[in-house]
Amino acid sequence: MNKSKFKAEFTLKQHTPIIHFQSGQNGATLRATELKPKFDRFLLHNVEDIPFIKNANGHKSLDYKVTIAINGQGVKGTPNNFLYFANNSAQGDEFKYTIKSQSVIVTFFSYRTDLIESINRYFNDFLLITNFGSRSTKGYGSFGKSIENAETVLRKYYPIVFKITNVGDISKWEVKVDTIHKKLKSGINFIQYHKSLLFQYMCTQNIRWEKRNIKEKFSVLATGKPPIDCDTRGQYRYIRAMLGTAGINEYDRGNKTVTIDGGEIERFASPIIYKIIGNSIYLLGDKSYEKIMGKPFIFQYKQSSFTINTPSKSEFDLHKFLKFVEKNDNIISEVK
1134 MNKSKFKAEF TLKQHTPIIH FQSGQNGATL RATELKPKFD RFLLHNVEDI PFIKNANGHK
1194 SLDYKVTIAI NGQGVKGTPN NFLYFANNSA QGDEFKYTIK SQSVIVTFFS YRTDLIESIN
1254 RYFNDFLLIT NFGSRSTKGY GSFGKSIENA ETVLRKYYPI VFKITNVGDI SKWEVKVDTI
1314 HKKLKSGINF IQYHKSLLFQ YMCTQNIRWE KRNIKEKFSV LATGKPPIDC DTRGQYRYIR
1374 AMLGTAGINE YDRGNKTVTI DGGEIERFAS PIIYKIIGNS IYLLGDKSYE KIMGKPFIFQ
1434 YKQSSFTINT PSKSEFDLHK FLKFVEKNDN IISEVK
């Protein structure tokens, strides 16, 4: 048989830089060790009766090999400190990576021609909804083959799809994503002031956020102006968790630190993924936040502590929240 029946090759455009821990290596780019497990899960979930193999632990995978090469020389840069976990730019320079030619060649090989057919059919869909490397939820590591009918593909795989309404210069996407996400989750307290849209939405649900409760419980932290509260006096909830929690959850006030312990919930990724495709920025949302709804989190300062639950399923809905943002702030619009 013709060997080409066993191979599928794609030339990709890199939409945004990728951050990972191998940027010092020659040719560092998208990694096969990350791409294959993600693509395996995608195909196993979306393709009926696709042939898989199991290892000794019962883990499913697909019988193909993938190699990745770049066409051009690699260029390292410094990540946006607001979106990246390292504030030290010298350290950050070791992790952000892009390529001059913006050309990445991905080659699949398998003796299973039915697998090659599925790869040819679904690989572009997979790329349109997937980012790679560190901070992938914030838009880093976006690669693509074709952006034709992108919004139709996004709606096919994600129940919630919104689009930033005024992107401006796409080369400044990092700043745009950082600003939008801050407006949604925590608010903005420097240069301009913008109260958290999540706070505002939860007030309409008669739910108060945790910041005021923290200052009530730990009076030593109650300096300056009291935090803005809802007009109503509803229940306190740990509402910021709905848009993701970090591995180490803490509030810092100078040398005063409040730690947040979610028990078995050590880290929860944001249910919103920012996806940069061409000159557009999309917000892709799912229902993963439901896994931590109604869960207790312990807030501790020195020897004192108290517990706040996350919102229940009747108190928060991501789609309704983003529709509230669309109506009240006009920074995003739903893709239908």
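Going by my numbering, the sequence shown opens with residue 1134, and the numbers climb by one from there.
Backbone N, C-alpha and C fix where the C-beta goes; we use that ideal spot for every residue, glycine too.
Any beta carbon from chain B within less than 8 angstroms of Lys1344's own beta carbon? The structure shown has no chain B; it contains just one protein chain.
Return the chain-ordered list of same chain residues with a C-beta closer than 8 angstroms to the C-beta of His1327, the five sequence neighbours on each side being excluded. Correct list, in chain order: Lys1315, Lys1316, Gly1320, Ile1321.
Within a Cβ cutoff of 6 angstroms, which residues of the same chain sit near Tyr1371, ignoring the five residues on either side of it in sequence? Glu1343, Phe1430, Ile1441, Thr1443
Thr1240, enclosing beta strand (DSSP E) - first and last residue: 1236–1242
Which two residues bound the contiguous beta strand (DSSP E) that contains Asp1394? 1389–1394
Met1134 - DSSP class collapsed to helix/strand/coil: Unreliable placement is indicated for Met1134, whose pLDDT of 42 sits below 50; no coordinate value is reported for it.
Taking just the CA atoms, how far does Phe1351 sit from Gln1436? C-alpha separation (whole angstroms): 11 angstroms.
By the DSSP assignment, the beta strand (DSSP E) with Phe1143 in it spans what residues? Taken as a continuous stretch (DSSP letters only), the beta strand (DSSP E) holding Phe1143 covers 1140–1147.
Which one or two residues does DSSP pair with Ala1198 in a beta bridge? Before going further, note that residue 1198 is Lys rather than Ala in the sequence given. As a beta-bridge residue in DSSP terms, Lys1198 pairs with Phe1242.
At 4 residues or longer, what runs of the alpha helix (DSSP H) sit wholly inside the segment 1322–1370? 1330–1337, 1343–1350
Would you check if the segment 1390–1399 and the segment 1407–1415 touch, i.e. whether three or more CB-CB distances between them fall below 8 angstroms? The answer is no - the segment 1390–1399 does not touch the segment 1407–1415, with fewer than three Cβ pairs under 8 angstroms.
Could you say which of Asp1258, Gly1367, Ala1141 lies nearest to Val1239 if we only look at CA atoms? Ala1141
Please return the same chain residues whose Cβ sits closer than 6 angstroms to the Cβ of Ser1403, not counting the five positions on each side in sequence. Thr1270, Leu1376, Gly1377
Residues of its chain near His1452, where Cβ-Cβ distance is below 6 angstroms and the 5 sequence neighbours each way are ignored: Ile1293
Let me make sure I understand the geometry here. Which of Arg1366, Trp1306, Asn1179 has the alpha-carbon closest to that of Val1286? Asn1179
Range of the contiguous alpha helix (DSSP H) that encloses Val1458: Unbroken alpha helix (DSSP H) run through Val1458: 1451–1461.
Would you call the CB atoms of Gly1191 and Tyr1291 closer than 8 angstroms? no
For the beta strand (DSSP E) that contains Asn1179, what are its first and last residues? For Asn1179, no beta strand (DSSP E) encloses it; the enclosing alpha helix (DSSP H) starts and ends at 1165–1179.
Among Ile1297, Asn1412, Ser1447, nearest to Ser1304 - alpha-carbon criterion: Asn1412
Drop a sphere of 10 angstroms on the beta-carbon of Ser1275, count the other beta-carbons inside from all chains shown, and report buried for 16 or more, exposed for fewer. buried
What's the C-alpha gap between Arg1341 and Asp1302? Roughly 36 angstroms separates the two Cα atoms.
Those residues which DSSP pairs with Val1294 across a bridge: Leu1417
For the beta strand (DSSP E) that contains Lys1316, what are its first and last residues? No beta strand (DSSP E) contains Lys1316, which is instead part of the alpha helix (DSSP H) from 1306–1317.
N- and C-terminal bounds of the beta strand (DSSP E) containing Phe1439: It spans 1437–1442 - the beta strand (DSSP E) in which Phe1439 sits, taken as one unbroken run.
Give the single residue among Tyr1244, Gly1277, Asp1364 whose Cα lies nearest to the Cα of Ser1137. Tyr1244
How would you label Asn1282, buried or exposed, when you count the other beta carbons within 10 angstroms and need 16 or more for buried? Flag for Asn1282 reads exposed.
What's the C-alpha gap between Ile1414 and Leu1260? 15 angstroms
Between the alpha carbons of Arg1174 and Ile1152, how many angstroms are there, rounded? Answer to the nearest angstrom: the Cα atoms are 22 angstroms apart.
Just to confirm, is the Cβ distance from Leu1455 to Phe1295 under 8 angstroms? Closer than 8 angstroms, so yes.
Quick one: what does DSSP say Asn1264 is sitting in, helix, strand or coil? strand
Taking Cβ positions, are Thr1365 and Asn1346 nearer each other than 8 angstroms? no
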